[in-house]
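Participant: Let me begin by handing over the structure; questions about it come next.
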Amino acid sequence: VPLKPGRSLMDWIRLTKSGKDLSGLKGRLIEVTEDELSKHNKKEDCWICIRGFVYNVTPYMEYHPGGEDELMKAAGTDGTDLFDQVHRWVNYESMLKECLVGRMAVKPIAAPKGGLLHILIFLQQIPEVQIVVYKYIFFSLLYFLFYSYDWFQTDSLITIVIYTKQKDMNAELVIVDCQDKQLRGEIIMDDHSYLIGVDLDHAVSEDVTVNIAEKVGKVEIILNKKENIHWKTLGQPQEGHNTFIKRTDRGLFYRKCKLVSKTEVTHDTKLFCLMLPKGTHLCVPTGQHVYLKQIIAGTEVVKPYTPVLPFLPLDFQEPPCHDGVHIYLMIKIYSHGLFTQALDHLQIGDYISVSNPEGNFKKSQVQTSEDLLLLAGGTGFTPMVKLLNFALTEVSCLRTVKLIFFNKTEEDILWRNQLEQLALKDGRFEVQFILSQPSKDWVGKQGKISSSLLSEFVKRSRKDSKVLICICGPAPFTEQGVQYLKDLGYSQEEIHAFTA
Ligand code: FAD
Ligand code: NAP
Numbered sequence: 001v002p003l004k005p006g007r008s009l010m011d012w013i014r015l016t017k018s019g020k021d022l023s024g025l026k027g028r029l030i031e032v033t034e035d036e037l038s039k040h041n042k043k044e045d046c047w048i049c050i051r052g053f054v055y056n057v058t059p060y061m062e063y064h065p066g067g068e069d070e071l072m073k074a075a076g077t078d079g080t081d082l083f084d085q086v087h088r089w090v091n092y093e094s095m096l097k098e099c100l101v102g103r104m105a106v107k108p109i110a111a112p113k114g115g116l117l118h119i120l121i122f123l124q125q126i127p128e129v130q131i132v133v134y135k136y137i138f139f140s141l142l143y144f145l146f147y148s149y150d151w152f153q154t155d156s157l158i159t160i161v162i163y164t165k166q167k168d169m170n171a172e173l174v175i176v177d178c179q180d181k182q183l184r185g186e187i188i189m190d191d192h193s194y195l196i197g198v199d200l201d202h203a204v205s206e207d208v209t210v211n212i213a214e215k216v217g218k219v220e221i222i223l224n225k226k227e228n229i230h231w232k233t234l235g236q237p238q239e240g241h242n243t244f245i246k247r248t249d250r251g252l253f254y255r256k257c258k259l260v261s262k263t264e265v266t267h268d269t270k271l272f273c274l275m276l277p278k279g280t281h282l283c284v285p286t287g288q289h290v291y292l293k294q295i296i297a298g299t300e301v302v303k304p305y306t307p308v309l310p311f312l313p314l315d316f317q318e319p320p321c322h323d324g325v326h327i328y329l330m331i332k333i334y335s336h337g338l339f340t341q342a343l344d345h346l347q348i349g350d351y352i353s354v355s356n357p358e359g360n361f362k363k364s365q366v367q368t369s370e371d372l373l374l375l376a377g378g379t380g381f382t383p384m385v386k387l388l389n390f391a392l393t394e395v396s397c398l399r400t401v402k403l404i405f406f407n408k409t410e411e412d413i414l415w416r417n418q419l420e421q422l423a424l425k426d427g428r429f430e431v432q433f434i435l436s437q438p439s440k441d442w443v444g445k446q447g448k449i450s451s452s453l454l455s456e457f458v459k460r461s462r463k464d465s466k467v468l469i470c471i472c473g474p475a476p477f478t479e480q481g482v483q484y485l486k487d488l489g490y491s492q493e494e495i496h497a498f499t500a
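Here the sequence shown is numbered in the UniProt record's numbering, starting from 1 and rising by one per residue.
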């Protein structure tokens, strides 16, 4: 929602550094009971609990990008689930550290008298304990059914083998980071993640190889020993090692990437090329985004960005070579933008933290489509880049691919030339530019996203053809677009909206 002037994230960071007592407790930390928390449920006195820590968010109200009403939904309660649903990636610990009131008090439970058996029987009757126990048994079973790992060595190599027993295992589902004797290997399986995290016994070189036997789901991580010595163990387990848990319960992992180039795309948008560290194996799947993290004025700030390709390949015969080393980001630099201004000030050779990929788009959504329609607003074009490439290269049943690209002015259109070239080259692809603030010379379409514009351009190639419509842009653009599409009779399953 639009915030009042002087209420940007930078203004908030300044306030947190001003020395003002933002928690209202003059630096004291207290234990907060549920009863106490529930009393602070008003705009002028609002406490919220996130992951067991209670924050006085009253001074933050006017600075919340999602608005005061959104924040009030969690007033006086545990807001962890709501927070995770909306923006799990936001670094609240850093942003709200001056608002910290204290920890939630542990609920006292009257312990039963008697021996261990009585205590166990008693515990088993508490619903929360039952849920934890069942969850534990369930996930342990899942883990043993699906995962196990093993390792062996030769004179020069250490090989770690994970048997995922997944038929559709592929390189995008395996993320490995090996730096400074620390190994982290994460395997993604739907909404779960399996982790190997070890402080290695001895040093290894920076080259890491990942081999995947897709049909049987076997994953090999191969490390090169620095010294030709026999390892007694693989190393010391880190926190979370050998666990199989929900992805949302696993914290975001970041690695430092080097900025290797920065090229102009339009007057305000640049293509940033980041290089992954040598020991990292990471491929960002089509339709997913990463988070970038920078320290700005002493506060950690995190923002999502969707990787693109270095250019739109015109020859769609072969999938473009993903070198596995570079990540390309097309980013609009806002003149008052906190994060993008800091990003624009990075020099070639500087480092920035990049997270593991996230997102709920699945390639299978396109794989059975006959018509693919892409509605993009401004930099909402970014997820469409890999999607276009994937659709035209690998989806044989596709008959038409249409991009309807909304921008303010002609100067704002990203990769216009490349898109026009592609439309000339591939008969299945068509692009329509629509401007909301055109100059008087513009002879193309103009207007904002609307029901009439969509009914003109969004059409099935045949009466019953299977269609997928993907939409991405400013939040209100996406919300309105989805509503218009539904009003035009498209079903929820036929629409994918890219959001955070
Ligand atoms: P901010 O400081 O947040 O502000 C940016 C500008 O917007 C300022 O001019 C400000 O005045 C205005 N503004 C800020 N908040 C509001 C508001 N509530 N109402 C009205 N105006 C406001 N961007 C890209 O360029 N490329 C991408 O690939 C990309 N991928 C994304 C993927 C996802 C999943 C999401 C959710 C967003 C993506 N974004 C992308 C947007 C990006 O995450 C940032 O929001 C953007 O870069 C602005 O960050 P900033 O800190 O510079 O701007
Ligand atoms: P922009 O230039 O401000 O706008 C692009 C087009 O969208 C313009 O035609 C603009 O028309 C229209 N538009 C803007 N706000 C609108 C609204 N409220 N209702 C209807 N139409 C509207 O866009 P931008 O600065 O590049 O911003 C791109 C947005 O995409 C950002 O918000 C970014 O977060 C989002 N994004 C999301 C993802 C994701 O995966 N979720 C990925 C990339 C980008 P007007 O003349 O009316 O402004």
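In this text, a Cβ means the ideal position worked out from N, Cα and C, and glycines have one as well.
In whole angstroms, give me the CA-to-CA distance for P277 and D323.
Facilitator: Along the sequence shown, one-based indexing puts residue 277 at 277. Along the sequence shown, one-based indexing puts residue 323 at 323. Cα to Cα, the separation comes out at about 13 Å.
Participant: Return the Cβ separation of L149 and I196 in integer angstroms, given the expectation that the two are a contact with Cβ distance under 8 Å.
Facilitator: Start at 1 with the first residue of the sequence shown, and residue 149 comes out as number 149. Start at 1 with the first residue of the sequence shown, and residue 196 comes out as number 196. It should be pointed out that residue 149 corresponds to Tyr in this sequence rather than to Leu. Yes, Y149 and I196 are in contact; Cβ-Cβ is about 6 Å, under 8 Å.
Participant: Quick one: is the Cβ of L414 within less than 7 Å of any heavy atom of the ligand FAD?
Facilitator: Counted from its first residue, the sequence shown places residue 414 at position 414. Not under cutoff, so the answer is no.
Participant: Comparing alpha-carbon positions, which option in D84, H336, T159 lies nearest R250?
Facilitator: By one-based count along the sequence shown, residue 250 stands at place 250. Considering only alpha carbons, the answer is D84.
Participant: Suppose you measure from the CA of R88 to the CA of S455; what does that come to, to the nearest Å?
Facilitator: Within the sequence shown, numbered from 1, the residue matching residue 88 stands at position 88. Within the sequence shown, numbered from 1, the residue matching residue 455 stands at position 455. In a straight line, the C-alpha of R88 is about 36 Å away from that of S455.
Participant: Going by C-alpha to C-alpha distance, which of T16, K20, T80 sits closest to W47?
Facilitator: Residue mapping note: residue 47 aligns to position 47 of the sequence shown, counting from 1. Looking at the Cα atoms, T80 is the closest of the given residues.
Participant: Could you spell out where the beta strand (DSSP E) holding L282 opens and where it closes?
Facilitator: For the purposes of this step, residue 282 is taken as the residue at position 282 of the sequence shown. Taken as a continuous stretch (DSSP letters only), L282 belongs to no beta strand (DSSP E), as it is neither H nor E.
Participant: Anyone know if the C-beta pair for M61 and E68 falls short of 8 Å?
Facilitator: Position 61 of the sequence shown, counted from the first residue, corresponds to residue 61. Position 68 of the sequence shown, counted from the first residue, corresponds to residue 68. Taking 8 Å as the Cβ cut-off, M61 and E68 qualify as a contacting pair.
Participant: Sort Q347, G349, F390 by Cα distance to K362 and report the nearest one.
Facilitator: Within the sequence shown, numbered from 1, the residue matching residue 362 stands at position 362. Out of Q347, G349, F390, F390 has the C-alpha closest to the C-alpha of K362.
Participant: Quick one: give me the first and last residue of the alpha helix (DSSP H) that V86 is part of.
Facilitator: Here the question's residue 86 lines up with position 86 in the sequence shown. Per DSSP, V86 belongs to the alpha helix (DSSP H) from 80-87.
Participant: Counting C-beta neighbours from all protein chains within 10 Å, is the total for H192 16 or more, i.e. buried, or is it exposed?
Facilitator: Start at 1 with the first residue of the sequence shown, and residue 192 comes out as number 192. When all chains shown are included, H192 counts as buried.
Participant: Provide the residue span of the alpha helix (DSSP H) that contains residue 502, from first to last.
Facilitator: Residue 502 falls outside the range modelled here, since the chain spans only 1 to 500, and no answer is possible.
Participant: Distance check for Y490 and P319, CA to CA, integer angstroms please.
Facilitator: Indexing the sequence shown from 1 puts residue 319 at position 319. Indexing the sequence shown from 1 puts residue 490 at position 490. Here the model assigns P319 a pLDDT of 49, short of 50, so the residue's position is not dependable and the matter cannot be decided.
Participant: Reducing DSSP to helix, strand and coil, say where Q236 ends up.
Facilitator: Mapped onto the sequence shown, residue 236 falls at position 236. Note: Q236 maps to strand in three-state DSSP.
Participant: Going by alpha carbons, who is nearest to I469 out of P285, S8, D371?
Facilitator: Here residue 469 refers to the residue found at position 469 when the sequence shown is read from its first residue. The option with the nearest alpha carbon to I469 is D371.
Participant: By alpha-carbon positions, which one of Y63, T33, Q367 ends up nearest to K43?
Facilitator: Here residue 43 refers to the residue found at position 43 of the sequence shown. Looking at the Cα atoms, Y63 is the closest of the given residues.
Participant: In the structure shown, what three-state DSSP assignment does L96 receive?
Facilitator: Working through the sequence shown from its first residue, we reach residue 96 at position 96. Coil.
Participant: Run the CB neighbour count on Q492, radius 10 Å, all protein chains shown included, and call it buried at 16 or more, exposed below.
Facilitator: As a position in the sequence shown, residue 492 is number 492, starting the count at 1. So Q492 counts as exposed.
Participant: Which ranges does the alpha helix (DSSP H) cover as unbroken runs of at least 4 residues, wholly within the region 3-67, from first to last along the chain?
Facilitator: Runs of the alpha helix (DSSP H) inside the region 3-67: 9-16, 34-39.
Participant: Excluding sequence positions up to five away, which residues of its chain have a Cβ less than 7 Å from the Cβ of F53?
Facilitator: Locating residue 53 in the sequence shown gives position 53, counting from the first residue. The residues are L100, R103.
Participant: Can we count T340 as close to the ligand NAP, meaning its CB is less than 7 Å from some heavy atom?
Facilitator: The residue given as residue 340 occupies position 340 in the sequence shown. No, Cβ of T340 sits at least 7 Å from all heavy atoms of the ligand NAP.
Participant: If you measure from the CB of P474, is any heavy atom of the ligand NAP nearer than 7 Å?
Facilitator: Taking the sequence shown and counting its residues from 1, one reaches residue 474 at position 474. Flag set: Cβ of P474 near the ligand NAP.
Participant: Would the beta-carbon of N56 be found less than 7 Å away from any heavy atom of the ligand NAP?
Facilitator: Residue mapping note: residue 56 aligns to position 56 of the sequence shown, counting from 1. No, Cβ of N56 sits at least 7 Å from all heavy atoms of the ligand NAP.
Participant: Does the beta carbon of P438 fall short of 7 Å from some heavy atom of the ligand FAD?
Facilitator: On the sequence shown, position 438 is the one that residue 438 refers to. Answer for P438: no, Cβ out of range of the ligand FAD.
Participant: Using a Cβ-Cβ cut-off of 8 Å (strictly less than) and excluding sequence neighbours within five positions of D487, which residues of its own chain qualify?
Facilitator: Sequence index remark: in the sequence shown, residue 487 carries index 487 (1-based). Once the five neighbours on either side are set aside, the close Cβ partners of D487 are S451.
Participant: For T266, which of helix, strand or coil comes out of DSSP?
Facilitator: Sequence index remark: in the sequence shown, residue 266 carries index 266 (1-based). T266: coil per DSSP, three-state reduction.
Participant: Starting from L403 and walking both ways along the beta strand (DSSP E), at which residues does that stretch end?
Facilitator: By one-based count along the sequence shown, residue 403 stands at place 403. Counting along the chain, the beta strand (DSSP E) containing L403 begins and ends at 400-407.
Participant: When the Cα of E186 is compared with those of V161, H202, T306, which residue comes out closest?
Facilitator: On the sequence shown, residue 186 is found 186 positions in, with the first residue counted as 1. Taking only the C-alpha atoms, the option nearest E186 is V161.
Participant: Once DSSP output is grouped into helix, strand and coil, what is the label at K181?
Facilitator: For the purposes of this step, residue 181 is identified with residue 181 of the sequence shown, where counting begins at 1. K181 falls in the coil class under three-state DSSP.
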